[in-house]
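Structure first, commentary second.
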Amino acid sequence: MSSLSQPVSVSSSTAQPALPGRDRPSLVTIEYRTLTHITGPLLFVERVQGVGYDEIVDVLLPTGEVRRGQVLEVNRDRAVVQVFAGTRGLGLEDTRVRFRGEVMRLGVGLDMLGRTLSGSGLPIDGGPPITAQEWRDINGLPINPVARDHPSEFIQTGISAIDGLNTLVRGQKLPIFSGFGLPANELAAQIAAQARVRGAEEEAEGAVSQEFAVVFAALGITYREASFFRRHFEESGALERSVLFLNLADDPTIERLLTPRAALTTAEFLAFDQGMHVLVIMTDMTNYCEALREVSSAREEVPGRRGYPGYMYTDLATLYERAGRIRGRPGSVTQLIILSMPDDDITHPIPDLTGYITEGQIVLSRDLHRRGIRPPIDVLPSLSRLMNAGIGPGKTREDHRSVADQLYAFYAQGRDLRRLVAIVGEAALSREDQRYLAFAGRFEQEFIHQGDANRSVEETLDLAWKLLAAFPIAEMKRIKPELIRRYLPSLPAQEEEED
Amino acid sequence: MAEVGSVVRVAGPVVVAEGLPRARLYDVVYVGPLQLIGEVIRLQGDLVTVQVYENTSGLQVGDPLVESGAPLEVELGPGLLGSIFDGVQRPLPAMACSAADPFGQPFVRRGGQTALPALDRQRVWEFEPKVQPGQAVAAGDVLGVVMETAHLAHRVLVPPRRAGTVTQVRAGRVTVEEPVVWLDGEPLTLLQRWPVRQRRPFVRKLDPTEPLITGQRAIDMLFPLARGGSAIIPGGFGTGKTVAQQTIAKWADADIIVYIGCGERGNELTDVLEEFPALVDPRTNQPLMQRTILIANTSNMPVAAREASIYTGITIAEYYRDQGYHVALMADSTSRWGEALREVSGRLEEMPGEEGFPAYLPTRLAEFYERAGRVECLGSDDRIGSVSIIGAVSPPGGDFSEPITQHSLRIAGTFWALDTDLARRRHFPAIHWTRSYTLYRLGGWFNRQVAADWEDHREWALALLQRETDLLEIVQLVGADALAPAERAILLTGRLVREDFLQQSAFDDVDAFCPLSKQYHMLAVIRHFHEVVNRALRRGASIEQIAGLRCLAQIARMRLWDPAEAAAQAQALRAAIEEEVSHL
């Protein structure tokens, strides 16, 4: 008997309300044996009555197994049902379908912390069932833009390429665009372990950890990857502050559509009702999108780009937009989303649509990875849209913005010259150009590369000034003269240029 | 008597019902027990297809469907300025409010909100009549004025298609629902309604001859937009579409800004909401929010309302245009609107055109952009008003060959192409100088209003940048050493134009807004530098010497000039350049 179908809604008739807007008791359970076809993950049931769109469904097999499904469409007396655990072994004759009269809900409670749950929210760690404080529609509701509070609290990740150039703030949604074989998981784990908000937290280390939580959603990743995260949470002591939702590679594909929703419903509860700062890690969204495409093609919908459904943007937005802060409430939901770009192609629909919704992106580079740069973050295509709100005097340092701009400008110039060098050779470069070229190399080796080191933002900025000092002051067009005077270390290279 | 039909099919935002024989296309209906708002989009036999503006979760076959008997309308009247609405003009602040807590309901719930009107019914306005009993008036005539903000006189007009003789007038304090003027005995209130999908009438369209000044050098100097014109800003993610839109919303010299956040990020609207009330409009010294109307339908809000949001916004814009104001409308992003069309079309099982978009996409885009224009308004006082549209486009993969960019290009007069490569080098605004264009011929206006050789400078800059692009291709192959000194001077000046003129920081207090005269002086200095340098090269100076000139650092800091001192600063800098170069 599959554990998938049951406990989330054990208390179906009493604790949970019926479909929104009606008081139909959900005890009415008619079982239908009127399946007319089964195709891919979909069932078509005829002669049904009183079935609601999005309603959840129990599919009963003759073996006694129960699988969970959801109504995708109702058309007069016909309902289209998507079965999360797959349709293998279902027959038209002996399968029965029971409509539950409620939309998909998750029981959320504080005792979820420290637990490991399946992709649809059932305990799989051998522990007791979750005591639900509240049942929530896993689709959530959009946050009223008026009630949003603008994220502006700097999160120090200890990673220079992020803190210095693509600063993360509380309530942001920031994806890591990775490729197969690139260390996105390691980066995410390092961020989860090192992330801290400075100021208040540093004073009261103990009290602070009480309001911090991690919600981890594994979407079709391997057992090895999942246990890597688990081990990491354990080592950093975050495990008892974590809720793990695991839909692994060999778990039902369609269940993957539920996993991020269950995880985010939990995160919203912890953040906006319990006042915690929740970091949600979702990996790998590429697998989620594949599941979406599978359902879409089974429904014979008109495909958009590369076979992905036209509504994928909207669908992804209903997940990513669940990050943020709410006015008057202490907590926050910060999302760290990992996705693999098929063939490292950033224009592929999955990274493309994600980038249009999220507040920036961290892009990993195979080239840097091959050259042993850790983390292999390519800062040129990377971006944090909320950076400006989180940096500056009182938050990081007054020179942060202009230093970041100047690093970008010099590094971009140096990267350009590499292409030229490949053709004409380094000797053909002017002295200025050789300086750019040398800077690009040092920037990658000293600034981006840091291995396991945990750098404070001051260390990051000081390191940046050390690298910038290779240029004459006149070249530093992005930095105001008074900042240069205040922060530029006087190195021999400078004085020589000034003469 | 409202008819009641019943639902026969539900698929996402599309609902099919029967039993509404009198339904008309684009009429509003209320669906199911929660009374979700929807709009009739197809009639077929006795079947009525409805797109629902809210999530349809839980809706059943057999649920009731109630006719409203009217198309989707917006409420127009004083009190719109400074407001923030969703795609179907529901007031978002009122929806977030519960009892005493202004943010007690932070999530947008479904249904039941028909009770919240767009315009505040309690608020009292001071109505100052401009007509007297016995006076004959026609559509568009000014009946009276309400000071909507300290600076904006809201003109209350005779609604389109109405005319008659004023029989009674009421001055003084009124709410929007109280009658203020009676035409042939029929009362008119401050509150008027208009169906969003129908453009508001005017006498005639005028040629766009004056620019909409934005204070952005790349725009005003190279690719200006005309008042009453339309522009599109396409760009991949991270190229700065939203920052560009918001910057223009802040600095454009329009009377009213309508900003539509259509299928975009919630936090970006929060940005506007927090920033605009704190910023001061330099022309009126009032908070910028007081000239702004926000329509917010974020990406996770229902998709059908996203489709409607564009029309809600443009109708409000036209309403202020009809009062004789200049309105600038930003739509961010039209691609999300197009995708909403595609999504609904897909659920209707229509035959798809390019990339799954419906075949009527170009028609819809054209209808929208053609609602821009500088017009002679209805009414006897020859008012002129304008609506300028600036539409952001989010092409998949940053590839401009996709349908929405291409179809928008056919209509829009100005094309600001945002370039991913420029954005990655942090060249902002990332408006690409060789791909962008403007079809509006505004040189005459600039020559008259700013400087007689404005257009000449513009042509010089464009030609120089084009020449630089060609030369850079050669440099990529053979290195800069292979170029003649004069060509290397072009590379040098081209870089100055790009880095010290076109780049502009939206976040720097001084640089964010650059008045036309300062724009002119900055470019003129760079041109002067180019000429001086060329003379020096002919005298035998080397390009290395020139690249080491100290005045280059001063040129890089022109952007920080106080606008009031720009002319004097420019003159001093020209002299400094001549002086330094003469020593070579």
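Chains as they are written, first to last, in the numbering used here: chain R, 1 to 499; chain C, 1001 to 1584.
Yeah, the Cβ is synthetic: ideal placement off N, Cα and C, and Gly gets one too.
Counting of Cβ neighbours within 10 angstroms places I423 of chain R among the exposed residues, the total staying below 16. In the DSSP assignment, W1251 of chain C forms no beta bridge with any residue. Annotation: A1489 of chain C to F1529 of chain C spans about 10 Å, alpha carbon to alpha carbon. Per DSSP, the continuous alpha helix (DSSP H) segment holding W1460 of chain C begins and ends at 1454-1478. Annotation for Q1051 of chain C: the continuous beta strand (DSSP E) segment containing it runs 1047-1052.
Looking at the backbone, the Cα of A271 of chain R and that of I338 of chain R are separated by about 21 Å. A distance below 8 Å between beta-carbons, with the five flanking residues on each side excluded, links V1280 of chain C to the following residues of its chain, in chain order: Q1286, P1287, L1288. Note that the C-beta distance between G107 of chain R and M341 of chain R is not below 7 Å. Between F245 of chain R and A263 of chain R, the C-beta gap is smaller than 7 Å, which places the two residues in contact.
For the pair of segments examined, the segment 360-372 of chain R was found not to touch the segment 1242-1257 of chain C: the number of CB pairs separated by less than 8 Å stays below three. The alpha-carbon separation between G1215 of chain C and E301 of chain R amounts to approximately 47 Å.
An exposed status is given to A1568 of chain C, since fewer than 16 other beta-carbon atoms sit within 10 Å of its beta-carbon.
Only G310, Y311, Y313, T314, A317, T318, E321, G324, I326, R327, G328 from the segment 310-338 of chain R bring a Cβ to less than 7 Å from some Cβ of chain C. From the beta-carbon of N185 of chain R, no residue of chain C is found nearer than 9 Å; the closest lies around 24 Å away. In the DSSP secondary-structure assignment, F1513 of chain C is not bridged to any residue.
A409 of chain R counts as buried, since at least 16 other C-beta atoms from the protein chains shown sit within 10 angstroms of its C-beta.
Ranked by how close their Cα comes to the Cα of I1384 of chain C, the residues C:A1463, C:T1247, C:F1202 have C:F1202 in first place. The C-alpha of H1583 of chain C is placed about 31 Å away from the C-alpha of Q413 of chain R.
In the structure shown, A470 of chain R falls within a coil segment according to DSSP collapsed to helix, strand and coil. Against L1273 of chain C, the close residues of chain R are P145, V146, R148, H150, in the order they occur along the chain (beta-carbon pairs closer than 9 Å).
Taking a C-beta distance under 7 Å as the contact criterion, E321 of chain R and M276 of chain R do not qualify as a contact pair. Excluding five sequence positions before and after G355 of chain R, the CB atoms of its chain that fall closer than 7 Å to its own CB belong to Q361, given in chain order. When the beta-carbon positions are compared, L35 of chain R and L92 of chain R come within less than 7 Å of each other. One finds V1008, R1009, V1061 in chain C with Cβ atoms closer than 8 Å to the Cβ of R76 of chain R, taken in chain order. In this structure, the beta-carbon distance from G1398 of chain C to G1236 of chain C falls below 7 Å.
When only Cα atoms are considered, G1069 of chain C and V1029 of chain C end up about 8 Å apart. Identification of chain R residues near I1526 of chain C by a Cβ-Cβ cut-off of 8 Å yields none; the smallest Cβ-Cβ distance measures about 14 Å. With the criterion set as a beta carbon lying under 9 Å from some beta carbon of chain R, the members of the segment 1455-1478 of chain C are V1475, Q1476, L1477, V1478, in sequence order.
At a cut-off of 7 Å between C-beta atoms, I130 of chain R does not count as an interface residue with respect to chain C. Against chain C, the CB of R47 of chain R has no partner CB under 7 Å away; the residue lies outside that interface. Per DSSP, M1095 of chain C is one residue of the alpha helix (DSSP H) stretching across 1092-1096. Against chain R, the beta carbon of T1434 of chain C has no neighbour under 9 Å; the closest one sits roughly 18 Å away. Secondary structure within the segment 1074-1160 of chain C: the beta strand (DSSP E) runs of 3 or more consecutive residues, fully enclosed, are 1125-1129, 1142-1147, 1153-1157 (chain order).
The beta-carbon separation of G1391 of chain C and I1232 of chain C, rounded to 5 Å, stays under the 8 Å limit for a contact. For A1556 of chain C, the enclosing alpha helix (DSSP H) covers residues 1551-1556. Put simply, the backbone Cα of R1498 of chain C is about 39 Å away from that of L1152 of chain C.
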